[in-house]
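**Q** Going by numbering that gives the first Met the number 0, the letters in the sequence shown line up with residues 0 to 260, in that order. Structure in structure tokens, see below.
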Amino acid sequence: MKESLAYIHPDAKIGQNVTIEPFASIFNDVEIGDGTHISSNVTILPGTRIGKNCKIHSGAVIGGDPQDLKYKGEYTTVEIGDNNTIREFVTINKGTSAAMKTVVGNNCLIMAYSHIAHDCIVGNHVILANCTQLAGEVIVSDWAILGGGTLVHQFCHIGEHVMVSGGSHVSKDIPPFVKAGRDPLSFVGVNSIGLRRRQFTNDKIREVQDIFRFLYQKGYNNKQALEIIATEVPQSKERDMIIEFVKNSHRGVIKGYYSEK
């Protein structure tokens, strides 16, 4: 259903069974997949690609120009996958020359008033709770959950299956499988509840916990911890993910939490 009170540019490519409510604005060079629902007062700007069965709520603005002084009007895009829910007043900006596109994967929930800046990559099954703000070129990997009001510094990388406490300021990379909280933001444990929900076995969770004891609880620096993990922990997908993440971190990973005594 395409409501006659909506503005739909004739060059926009609209799939089958798409609902566009009154006062939505769909500009040229926009593609919207089958079954997607566009609520009233949504603005979808040129260069936006939206997949199938998404729900875009009122007031969202998708495909706005980057808020970045290096942007000189080059052709860039926003690419959003399938089965995403984007709530009220979310803003998602196009890429810049850094990566040429901003990407949101599949099956994500982006809650109200959140912002995804230029050149971000948001994976699959990600939840950004209300008012989460991603600066430019941030990576949020699959199954990560960011609590409400989380602020993420540009260039940070948040790993798979991470849980970040609401109101956090993220200025370092967060390795896969962990919970991050407190101020300053620190490692506060393994996201065992989230991992169980995603069918990780107790043995696998204990393996991950053992790895992070080397990184955060035994007094080693990261280089020492990685060497010990590589030699003493049996090879597995999860072990290698953690090693590669820490080894390749550009901003450095969050520290462990130590209470004052």
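We put the CB at the ideal spot given by N, CA and C, even for glycine. Model, not experiment: these values are computed from the prediction.
#1: Look at the alpha carbon of A98 and the alpha carbon of L150, and state the distance between them as a whole number of angstroms.
#2: What distance in whole Å lies between the Cβ atoms of P174 and G193, which are believed to be in contact at a cut-off of 8 Å?
#3: Just the Cα atoms here: how many angstroms apart are Y256 and Q132?
#4: Drop a sphere of 10 angstroms on the beta-carbon of S3, count the other beta-carbons inside from all chains shown, and report buried for 16 or more, exposed for fewer.
#5: Between G146 and A128, is the Cβ-Cβ spacing less than 8 Å?
#6: Quick check: what's the CA-CA separation for R181 versus V125?
#7: Quick one: what's L150 bridged to in DSSP?
#8: From V17 to G94, what distance separates their C-alpha atoms?
#9: Quick one: Cα of K261 to Cα of P9, how far?
#10: Rounded to whole angstroms, what is the Cα-Cα separation between M240 and D67?
#11: What runs of the beta strand (DSSP E), each 3 residues or longer, lie entirely inside the segment 34-101?
#12: Among I31, Y74, T75 and T101, which one has its Cα closest to the Cα of N82?
#13: Find out if the Cβ-Cβ distance for the pair V252, D172 is shorter than 8 Å.
**A** The structure says:
#1: 21 Å
#2: Between P174 and G193 the Cβ distance is about 14 Å, and since that is not below 8 Å, they are no contact.
#3: 24 Å
#4: exposed
#5: yes
#6: 21 Å
#7: Q132 and H168
#8: 26 Å
#9: The first residue shown for the chain is 0 and the last is 260, placing residue 261 beyond what the model contains.
#10: 32 Å
#11: 47-49, 60-63, 76-79 and 90-92
#12: I31
#13: yes
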